[in-house]
Amino acid sequence: MLPDLPREDLLGQLRTMLVIRRFEEALILLQRSYDVGHFHVYIGQETTGVPALALLEPGDVAFSTHRNHGHLLARGADPGRMMAEILGRETGYNQGKGGTLHIASAEHGFPATSASTGGNLPLATGAAFAFRELGSGRVSVALFGDGAVEEGAWHESANIAALRRLPVIFLCENNSLEALGQKANEYPSSTLATPDLTDAAKVFGIPAVAVDGTDPGAVHVAMTEAIRRARAGEGPTFIESRTVRWPGSRPLWPQLATGETELAMAWDRARIPDAHRAWYEVNDGVLRYVRDLLAAGHASAEGVSALDREVRERTDTAVRFGLDSPFPSPETAMRDVFAHE
Amino acid sequence: MREVAYAEALVDGLREILAKDERAFIMGGYFLGLTPRRTLMAKLRDDFPARVWYPPIAETGYVGTAIGAAMAGLRPIVDIATASFIFHAFPQVVNEAANIRYMTGGQTKVPVIFHFNQGIRGGGAAQHSHSPQAMLWNTPGLLIMAPSSPRDVQGLLRTAATCDDPVVFVDHVKLFEVTGPVSEDGTAIPFGQADVKRKGTDLTIIATSYSVQVALAAAESLAARGVSAEVVDPRTLVPFDGDTVLASVAKTGRAVVVDECHRRCGVGAEIAAVLAEEGFGYLRAPVRRVAALDVPIPFSRPLEEYVEPTAEKVVAAALEIAK
Amino acid sequence: MPELRSIDAIRDALRSELARDPRVVLLGEDITVGGPFGATKGLVDEFGEARVRNTPISEAAVMGLAVGAAATGMRPVVEVMFMDFITLAMDQLVNHAAKLRYMTGGQLRVPLTIRVQGGAAASFGAHHSQSLEAWLTHVPGLKVVAPATPADARGLLIAAIRDDDPVIFIEHRALYWTRGPVPDGHDPVPIGRAKIVRRGADVTVISYSRMVGIALEAATRLADEGLDVEVIDLRSLAPLDIDTLIDSARRTRRVVVAHEAVQHGGVGAEIAARIQAEAFGELDAPVLRVGAPFVPVPFSPELERRFVPDADDIAGAVRSTVRRPSAVPAG
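As you go down the protein sequences, you meet chains A, B and C in turn.
Here my numbering is used: position 104 in the first sequence is 126, and no number is missing along the way.
Here my numbering is used: position 247 in the second sequence is 608, and no number is missing along the way.
Here my numbering is used: position 271 in the third sequence is 277, and no number is missing along the way.
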């Protein structure tokens, strides 16, 4: 379903989803001619990150993981500066110090990004702790995957958040539905004794809900309530947002297994090939969102195509910005360890 | 100047911080361990009930919470209790707090103070007697303070409270009853400033934390044997005041380093290596290290004594290299 | 002699020990599909899921489980995917694996092997590039080895698995693809023995893991300048073969210690401290150390290059030891 929002907001969210989709695809394409190194893409999860993070206000913070590109872009980070960071250039958000795994933009509410599984859970809990003490009314969002629930840090953070009724939202993006219990026995896979992740939160008395991560309306509803609870001092909420992992993210290095997204598949079923049919017809939340927008009369095929063209041009500019930016000079490696150096 | 016990100076210091800065917040309550002085902490909690939190037994969780809170506007002082428990919180201290400013290219600061009581307390055995500062010293991004007297703990805490970077406060239960003068005028002791705790001419003893008290006792013993030992206390491991330490060794030509970490790759190793390199021209004897022997800390008292860096061992090492 | 890549030598050691001793079991994240670099690829097909087991992303629990299993009759080999994540298992490693034999007065033994892959290469960032061996070398009760060649990788891993104490086996992803000769058979390489890989008369360079190759590169360059450099591959950090190091220091009278890990508080500090103490008065120059600067590992390739020591850094240190006039022993 579509989020209960005005048309402009719905189209704005489509735009952001396309920004993410085209950015990640551009990165995978760039890897063919330039050694970008290892990275993780958010393709297939845009319909979670965009509607959820759109509900945050300036001053609210979010703590992401190695799979952070979509999260930062969802809150308005500049694709050019993100690309520059991924390419290790001095114009990147972290000035080349962090790279793809650690992109942080304090200005957009991402104070630090951990690439140690579970590492960001206590940090998000801590920010919520501060917000509560300072009476700021702000909320903190922990963004993590199903893997982090395997870590002891999950248990400890959830317990602390529940005990002190902290304004933290635990948004767990489970993109391993088909790999639960290691059925797929491939890399990576999920190894949890509880098939229902919401049980891992309910044990602490934390209200927990599972939603279809390809349904932005469902995400919007769950997140709205979670934020309300947090700001009202009612404590943490756990949202499990489920998606089927994009086929291109299954191998160790991302590949364009389903090609560059053809938005026309949203209105012209004849274009859908047999290979990866399930992806194009069911599991790609962006295509589904376009179909829903068209069905509701909020957009036209031409309008969507025009929007996409504009986004692709902006993405090309971002890639060029990244590639054209200089590397940081080597001595800067010695800076920013401490406040006063 | 008034004379107080170290434990009183420590708690007064925490009280002063809470009173001055409404963003300061204490997480954990075992600053004074299970010693009789712990009633002082209970009193602190009674006086500031909303600013002292006793967390669950979840070091990764609550130390990480402190770090996250520091990034979001609080200035937490988090107690890890017995230093051995820091291993549960290692990923948060070492992979998160120490790295965040650097990894984010300077965007985010982490003004958090980590406190623990390290070393051999007597009967702690192997899982309650660690001195993890050697490992933390090998981790770029952490400031490290190690007071050894009431005046030092008071003054260093004042500086730590205004630091915008993570500070590790290396403490020791055997310091709690040490009495000494404290300043009345709000003096803060800057980081990176060593203190010559006892002047001497024949030999330099460099020591940190409780080992400073051990070194001072050894110096008394040595004086009775006609050896004049200078005791230099770096007070902070990061930043480290190499100049003062080297100046002393340049004067005496002989050095003993005392430290409670295990010997191999301990704090003493780095100090000895630096002295050997930068003091090469004026050392008249090898730098001797007195540290915990390289075995887990045993329980039984005679075994523990055999392993720990005692004043007798410092005296023996000093006499070996004295003229 | 046949040649193998390091990563294949490692797999070969695992396979031979799995075949030889039914108590050996492999544990780790995603090891049934080979792990991130393919080290364990194919082993589950040969030995089954009971001997090659995937674990959840729960380093603390898995390390503890491995300690418990080792103490009760098995010989587990745990893979920690990146050395940076050993932080999550520190309590089990430091407070349990290292100490159980001692604390029980010798009643228990812990024949545990932990394979970690560390070091900076290919811009993996601050959470995937650290070299933390100084911490591990500092803990009594742990043995630590770090091979530089495929032959030593295989031989030391076999020795580690057969050792009745906990051994940390440090791999470096930049070395995985280098080829080298390996002898026939599957014999262990003894733990605690350094190896002189290049004999020389003027200066001793002590190193381990990836730095050994870089030290040899520096030695070749310095030979053109008339300097004859002896290069020692430590192979084992704990126990440390101090006798070989002191003997070399006495012969050349000049020593440089080079490692990739942060210099401050690194293994080089311990080596320098020991050499200056035991060979005092026999050196013509202070022991110099070459290591990474005191900063976290940066991401950008330029910055990472600045961070990791290279042959120029080692050569520069060697030249520094030679430029000093020979010291007259003081006092």
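For every residue, glycine included, the Cβ atom is placed at its ideal position computed from N, Cα and C.
Everything numeric in this text was worked out from a predicted model, so none of it was measured.
Problem - Neighbouring residues, chain B, relative to Thr87(A) (Cβ below 7 Å) - result: In the first sequence, the residue the question calls residue 87(A) occupies position 65. Near Thr87(A) there are no residues of chain B at all, since even the closest Cβ is about 13 Å away, more than 7 Å.
Which runs of the beta strand (DSSP E) fall wholly inside the stretch 200 to 278 of chain C and span at least 3 residues, in chain order? Runs of the beta strand (DSSP E) inside the stretch 200 to 278 of chain C: 201 to 204, 209 to 213, 235 to 239, 242 to 244 and 261 to 268.
So which residues on chain B does Ala140(C) lean against when the C-beta distance must stay under 7 Å? Along the third sequence, read from residue 1 onward, the residue named residue 140(C) stands at position 134. Ordered by position in chain B, the residues that pass the 7 Å Cβ test against Ala140(C) are Asn499 and Cys626.
- Query: Which residues share a DSSP beta bridge with Asn196(A)?
  - Reply: Reading the first sequence from its first residue, position 174 is the one you call residue 196(A). Beta-bridge pairing links Asn196(A) to Arg264(A).
### Message
At the 9 Å Cβ level, is Leu309(C) part of the contact set with chain A, yes or no?
### Response
Within the third sequence, the letter at position 303 stands for residue 309(C). Leu309(C) counts as touching chain A.
- Query: Between Phe552(B) and Arg406(B), what straight-line distance do the alpha-carbon atoms span, to the nearest angstrom?
  - Reply: In the second sequence, counting from the first residue as 1, residue 552(B) sits at position 191. In the second sequence, counting from the first residue as 1, residue 406(B) sits at position 45. If I take the Cα positions, the gap works out to 28 Å.
### Query
Going along chain A, which residues have a C-beta under 7 Å from Gly502(B)?
Residue numbering aside, residue 502(B) sits at position 141 when the second sequence is read from its first letter. What Gly502(B) touches in chain A: Val359.
Q: Kindly confirm or deny that the stretch 140 to 158 of chain C and the stretch 99 to 119 of chain C touch, where touching means at least three C-beta pairs closer than 8 Å.
A: yes
Alpha carbon to alpha carbon, how far is Arg160(C) from Pro657(B)?
Here the question's residue 160(C) lines up with position 154 in the third sequence. Here the question's residue 657(B) lines up with position 296 in the second sequence. Going from the Cα of Arg160(C) to the Cα of Pro657(B) covers about 30 Å.
**Item:** Trp498(B) in three-state terms, based on DSSP
**Value:** Against the second sequence, residue 498(B) aligns to sequence position 137. Helix at Trp498(B).
Which of the three DSSP states is assigned to Met7(C) in this structure? Counting from 1 along the third sequence, the entry for residue 7(C) is found at position 1. Coil.
Note to self: Does the beta-carbon of Arg21(C), which I'm using as the reference point, lie nearer than 8 Å to any heavy atom of the ligand MG?
What the structure shows: Of ligands this structure carries none, so the ligand MG is not represented either.
*Provide the residue(s) that pair with Glu591(B) in DSSP beta bridges, ordered along the chain.*
Stepping through the second sequence from its first residue, residue 591(B) is reached at position 230. Answer by DSSP bridge pairing, in chain order: Thr565(B).
Exercise. Using a Cβ-Cβ cut-off of 9 Å, state whether Ser351(A) counts as contacting chain B.
Key: If you number the first sequence from 1, residue 351(A) lands on position 329. By this cut-off, Ser351(A) is not an interface position.
How is the beta strand (DSSP E) around Leu644(B) delimited, first residue to last?
As a working note, residue 644(B) is residue 283 in the second sequence. Neither: Leu644(B) is in no beta strand (DSSP E) and is coded neither H nor E.
Per DSSP, Val122(C) forms a beta bridge with which residues? Here the question's residue 122(C) lines up with position 116 in the third sequence. Answer is Val86(C) and Ile176(C), bridged to Val122(C).
> Does DSSP put Tyr209(A) in a helix, a strand or coil?
Replying inline: On the first sequence, position 187 is the one that residue 209(A) refers to. Because the pLDDT at Tyr209(A) is just 45, under 50, the model does not fix this residue reliably, and the value given afterwards should be weighed accordingly. Three-state result, Tyr209(A): coil.
* **Minimum length 4: unbroken alpha helix (DSSP H) runs contained in the stretch 49 to 120 of chain C** => The qualifying runs are 49 to 53, 65 to 77 and 106 to 109.
So which residues on chain A does Ser129(C) lean against when the C-beta distance must stay under 8 Å? Residue 129(C) sits at position 123 when you count from the first residue of the third sequence. By Cβ distance, chain A contributes Gly59, Gly110 and Gly121.
Subject >> Distance, Asp602(B) Cα to Val501(B) Cα >> reply: The residue labelled residue 501(B) in the question sits at position 140 within the second sequence. The residue labelled residue 602(B) in the question sits at position 241 within the second sequence. Note that residue 501(B) is Pro in the sequence shown here, rather than Val. Their Cα atoms are separated by approximately 17 Å.
Quiz item: Can you pull the DSSP bridge partners for His623(B)?
Solution: By 1-based counting over the second sequence, the position of residue 623(B) is 262. Partner(s): Ala653(B).
Which same chain residues end up closer than 7 Å to Ala495(B) when comparing Cβ atoms and leaving out the 5 residues on each side of it in sequence? Your numbering for residue 495(B) matches position 134 in the second sequence. If we look at Ala495(B) and ignore the five residues flanking it on each side, its Cβ neighbours are Cys622, Cys626, Gly627 and Val628.
Less than 9 Å between CB atoms is the rule here; does Cys622(B) satisfy it with respect to chain C? Within the second sequence, residue 622(B) is the residue found at index 261, counting from 1. It does; some Cβ of chain C falls within 9 Å.
(request) Please state whether DSSP places Asp440(B) in a helix, a strand or coil. (result) By 1-based counting over the second sequence, the position of residue 440(B) is 79. When DSSP states are grouped into helix, strand and coil, Asp440(B) belongs to the strand group.
What is the rounded straight-line gap between the Cα of Glu173(A) and the Cα of Tyr463(B)? To locate residue 173(A), count along the first sequence from 1; it is residue 151. To locate residue 463(B), count along the second sequence from 1; it is residue 102. Going by the C-alpha atoms only, they are around 25 Å apart.
**Prompt:** Thinking just about the alpha-carbon of each residue, which of Thr184(C), Gly186(C), Val203(C) and Pro172(C) is nearest to the one in Ile197(C)?
**Reply:** Position 191 of the third sequence, counted from the start, is the residue given in the question as residue 197(C). With distances taken between Cα atoms, Ile197(C) lies closest to Pro172(C).
*So, helix, strand or coil for Leu32(C), using DSSP?*
Reading the third sequence from its first residue, position 26 is the one you call residue 32(C). Residue state, collapsed to three classes: strand.
- Task: Return the bridge partner residues of Arg26(C) from the DSSP annotation.
- Result: For the purposes of this step, residue 26(C) is taken as residue 20 along the third sequence, with counting starting at 1. Partner residues in a beta bridge of Arg26(C), as assigned by DSSP, do not exist.
message: Using the three-state DSSP reduction, which class does Gln204(A) fall into: helix, strand or coil?
response: Here residue 204(A) corresponds to residue number 182 of the first sequence, with the count starting at 1. Legend: pLDDT at Gln204(A) = 49, less than 50; position of this residue unreliable, no value from coordinates given.
Output, in chain order, the set of chain B residues within a Cβ distance shorter than 7 Å of Glu178(A).
Along the first sequence, one-based indexing puts residue 178(A) at 156. The contacting residues are Ala419, Thr421 and Gly422.
In terms of residues, what are the limits of the beta strand (DSSP E) holding Ser364(B)?
On the second sequence, position 3 is the one that residue 364(B) refers to. In the sequence as presented, Ser is not what sits at residue 364(B); that position holds Glu. Taken as a continuous stretch (DSSP letters only), the beta strand (DSSP E) holding Glu364(B) covers Arg363 to Ala366.
- [ ] Could you check what DSSP says for Ala4(C) in three-state terms: helix, strand or coil?
- [x] Since the displayed chain C opens at 7 and closes at 337, residue 4(C) lies outside it and no answer follows.
*asked:* Distance check for Ala433(B) and Arg43(A), CA to CA, integer angstroms please.
replied: Within the first sequence, the letter at position 21 stands for residue 43(A). Within the second sequence, the letter at position 72 stands for residue 433(B). Arg43(A) and Ala433(B): Cα-Cα distance of roughly 31 Å.
Starting from Gly186(C), trace the beta strand (DSSP E) in both directions and tell me its first and last residue. Stepping through the third sequence from its first residue, residue 186(C) is reached at position 180. Where Gly186(C) is concerned, the enclosing beta strand (DSSP E) stretches over Arg185 to Pro187.
- Okay, do the stretch 649 to 668 of chain B and the stretch 591 to 606 of chain B touch, 3+ Cβ pairs below 8 Å being the bar? no
Inset, instruction - For the stretch 529 to 549 of chain B and the stretch 560 to 568 of chain B, state whether three or more C-beta atom pairs, one from each stretch, are separated by less than 8 Å. - result: no
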